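**Student:**
Residue numbers (the numbering used here): 629 to 861.
Here it is, written out as structure tokens:
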């Protein structure tokens, strides 16, 4: 096994262990997904702060930050990771360059980091640090930490068997308890959400895939709201 593969395997294990630790610490799991939908404004507030940090380090006219700029941005957010850890984290985060609005992509230059990958990197860091009692809640402001904590807890809500990945059955069960969905809408919603989450089409959803989809859901909701506001302006 190459050193890169070992680093990736180690990172995945640490993420699974961190999710297991969060499972044990959760006192009460919400009865339905609506509890998380109501928290979308808090997630959006955290994402807006991350966008401000991201834009600060990306020169105007360039659609991505260099790895040096990424390190500087992480430093502002009080995140310290080794070169090897950052590479493994970025490899996990880089799997999908698309973001909620669908227009942002990573350029052909492999060292440029789009906003989506930036958010996923930080989500992974938050998950790993949340399992370390000495490093909890270090990602800049409370709003950013709150946003990631809600998403982690949403993953926990779906992950009934605590194995660190979501199956269609778990996703179906999680959405089926949502009060606002009728049966026909539910089935369409589950199929669509599973397709959004399972980016590599292997039948299961990892935390990184879930984080990517969840951020897209929040982003699309506010994009729709802004479009409606513009239409009625």
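Just so it is clear, CB atoms sit at the ideal spot from N, CA and C, and this is done for glycine as well. Just so it is clear, the structure is predicted and the values come from calculations on it, not from any experiment.
Indicate the three-state DSSP secondary structure (helix, strand or coil) for residue 639 in the structure shown.
**Tutor:** Helix.
**Student:** According to DSSP, which residues form a beta bridge with residue 794?
**Tutor:** 833
**Student:** Can we say the region 744-752 touches the region 835-845, given the rule of at least three CB pairs closer than 8 Å?
**Tutor:** yes
**Student:** What number of angstroms, rounded off, separates the C-alpha of residue 637 from the C-alpha of residue 794?
**Tutor:** Rounded to the nearest angstrom, the two C-alpha atoms are 18 Å apart.
**Student:** According to DSSP, simplified to helix, strand and coil, what is residue 665?
**Tutor:** helix
**Student:** Name the DSSP beta bridge partners of residue 780, please?
**Tutor:** For residue 780, which the question treats as bridged, DSSP gives no partner whatsoever.
**Student:** Within this structure, are the beta carbons of residue 674 and residue 774 separated by less than 8 Å?
**Tutor:** Cβ distance < 8 Å, so residue 674 and residue 774 count as in contact.
**Student:** In three-state terms, what does DSSP make of residue 707?
**Tutor:** coil
**Student:** Considering only residues of the same chain and omitting the five flanking positions on each side of residue 671, which have a CB-CB separation below 6 Å?
**Tutor:** 775, 778 and 846
**Student:** Please classify residue 650 as buried or exposed, where buried requires at least 16 other C-beta atoms within 10 Å of its C-beta.
**Tutor:** buried
**Student:** According to DSSP, simplified to helix, strand and coil, what is residue 846?
**Tutor:** helix
**Student:** So who's on the other strand from residue 693, going by DSSP bridges?
**Tutor:** 741
**Student:** By the 10 Å Cβ neighbour count, where 16 or more other Cβ atoms means buried, how is residue 720 classified, buried or exposed?
**Tutor:** buried
**Student:** Looking only at its chain, what residues have a beta carbon closer than 6 Å to the beta carbon of residue 746, apart from the 5 residues adjacent to it on each side?
**Tutor:** Same-chain partners within the cutoff: 682.
**Student:** Thinking C-beta only, is residue 783 closer than 8 Å to residue 647?
**Tutor:** yes
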